[in-house]
Amino acid sequence: MSLLEIQNLSVRFGDASAPPVVDGLDLSVDKGEVLAIVGESGSGKSVTMMALMGLIDAPGKVDAARLQFAGQDLLSLKGRQRRRLIGKDLAMVFQDPMTALNPSYTVGFQIEEVLRQHLGLKGKAARQRALELLERVEIPAAASRLDAYPHQLSGGMSQRVAIAMAIAGEPQLLIADEPTTALDVTIQAQIMDLLLDLQRDQNMALILITHDLAVVAETAQRVCVMYAGQAVEMGEVPTLFEAPAHPYTEALLASIPEHSDTPRLATLPGIVPGRYDRPAGCLLSPRCPYAQPRCQERPALEPYDRGAVRCFFPRNMAPGETPRVLPQAQRPSRPAGEFHAH
């Protein structure tokens, strides 16, 4: 059984008539697996993970046919039960380390607070464990950093502290939401190496949200490509990079200099549609160079031999290799539950 199972996840901001910002997402993560979620800004990557963490506040609404982590139904958890889980077994590293830490408290206090809440450690035991965590994330002069405030740390150092807080409860699944966006290139590589070392040492699953496909190629086992709130392609990294099936994935890869054989990088015209200006059919169709009349219909995400793709006319298919359209009875049902942050 997968560690994380998501079926037909939708996120809305507003009443039930508001268009979803995440629309019918299916996703699973196995124990110890590294899954990357990629896509342009506004594709729904971060909102999906915020929904999983219970961080969507009103008027936001999260619906799903299934939202299960480590055998627990997240849809039915009450506030106290959710707080026991979030931050311990399921943790997240956010994009901007400078705003993820509380400027009013020392680094040591913030790490010790996590240890008190989730592991019951207090006093000297919590202090010693906080020191060990700072050393584990390779912060120099770790003992002196315990009494430092966030504004006294660099961006890279702050992100290491945020990672230390996230792994304090020894999570089964760590979500890293573009953890290197605010850092310079040298520090980015160090932070990614640190995350992967921790993932291997603790055998935890890792969801990496990014739009850096080079990082995906080097780190992930599987990848989910999102566009305008939908998953448009899923598959193992080597095969998806070699033969992308969705035109959007193909366009993303073509924008990488190493994948381009022309003097100018390939680009898609237009922008990702907003919630209120989405086309009736395929959401990529206004920008897609391969669009045909049938693309005025809305395609489903269909499995095929190498993964799954949401396209009537997938690319790079081997002879006889086409998506398998599931009978209606085997497709995920419409949302059966909802939850809000407590």
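Numbering-wise (our numbering), the sequence shown opens with residue 1 and increments by one. Glycine residues also receive a C-beta, built at the ideal position from the N, C-alpha and C atoms.
- When the alpha-carbon of residue 41 is set against those of 191, 62, 181 and 133, the nearest one is in 181.
- Taking the CA atoms as reference points, residue 172 sits about 5 Å from residue 89.
- DSSP places residue 105 in no alpha helix (DSSP H); its state is neither H nor E.
- Taking a cut-off of 8 Å on C-beta distances, the segment 279–298 touches the segment 308–315, as three or more cross pairs fall below it.
- Contact between the segment 127–144 and the segment 49–69 is absent, with fewer than three C-beta pairs closer than 8 Å.
- Around residue 45, the same chain offers 37, 39, 209 and 226 as residues with beta carbons nearer than 7 Å, after the five sequence neighbours per side are excluded.
- DSSP places residue 247 in the uninterrupted alpha helix (DSSP H) bounded by 247–254.
- When 125, 126, 100 and 193 are compared, the shortest CA-CA separation from residue 153 is found for 100.
- When the beta-carbon positions are compared, residue 168 and residue 86 stay at least 8 Å from each other.
- Beyond the five residues adjoining it in sequence on each side, residue 250 comes within less than 8 Å, by CB distance, of 244, 315 and 316 in the same chain, given in chain order.
- Selection 304, 207, 231 and 228 evaluated against residue 220 yields 207 as nearest (Cα-Cα).
- In the structure shown, residue 45 falls within a helical segment according to DSSP collapsed to helix, strand and coil.
- According to the DSSP assignment, residue 90 belongs to no alpha helix (DSSP H) but to the beta strand (DSSP E) extending over 90–93.
- Between residue 19 and residue 280, the alpha-carbon positions lie close to 12 Å from each other.
- In this structure, residue 7 sits away from residue 30, with a CB-CB distance that is not shorter than 8 Å.
- Your pair residue 247 and residue 288 checks out as a contact, with CB atoms roughly 5 Å apart and the cut at 8 Å.
- Look at residue 295 here: in three-state DSSP terms it is helix.
- Going by beta carbons, residue 217 and residue 237 fall inside the 8 Å limit.
- The beta carbons of residue 75 and residue 108 sit no closer together than 8 Å.
- Within the same chain, and ignoring the five residues on either side of residue 194 in sequence, the residues whose Cβ sits closer than 8 Å to its Cβ are 137, 138, 160 and 163.
- Here residue 156 is not near residue 98, since their CB atoms are 8 Å or more apart.
- Taking every protein chain shown into account, the CB of residue 262 has fewer than 16 other CB atoms within 10 angstroms, so this residue is exposed.
- Shown here, residue 61 sits in a strand according to DSSP, grouped into three states.
- Boundaries of the alpha helix (DSSP H) harbouring residue 164: 155–167, taken from the DSSP string.
- Check the Cα spacing between residue 115 and each of 131, 102 and 305: the tightest is with 131.
- Where residue 195 is concerned, the enclosing alpha helix (DSSP H) starts and stops at 185–202.
- Given a length threshold of 3 residues, each whole run of the beta strand (DSSP E) inside the segment 203–244 is given here in chain order: 205–210, 222–227 and 230–236.
- Taking 8 Å as the cut-off, the beta carbon of residue 13 is found no closer than this to the beta carbon of residue 22.
- Selection 128, 189, 105 and 141 evaluated against residue 150 yields 105 as nearest (Cα-Cα).
- Residue 60 sits away from residue 230, with the two beta carbons spaced by 8 Å or more.
- Assignment of beta-bridge partners to residue 313 by DSSP yields no partner.
- Contact between residue 3 and residue 70 is confirmed by a C-beta separation of about 6 Å, below the 8 Å threshold.
- Exclusion of the five residues before and after residue 191 leaves 156, 159, 160, 163, 179, 180 and 183 as the residues of its chain whose Cβ lies within less than 8 Å of its Cβ.
- In its chain, beyond the 5 residues on either side, no residue has a beta carbon closer than 6 Å to the beta carbon of residue 72.
- Taking residue 196 as the centre and dropping the five residues before and after it, the same chain places the C-beta of 219 closer than 7 Å to its C-beta, in chain order.
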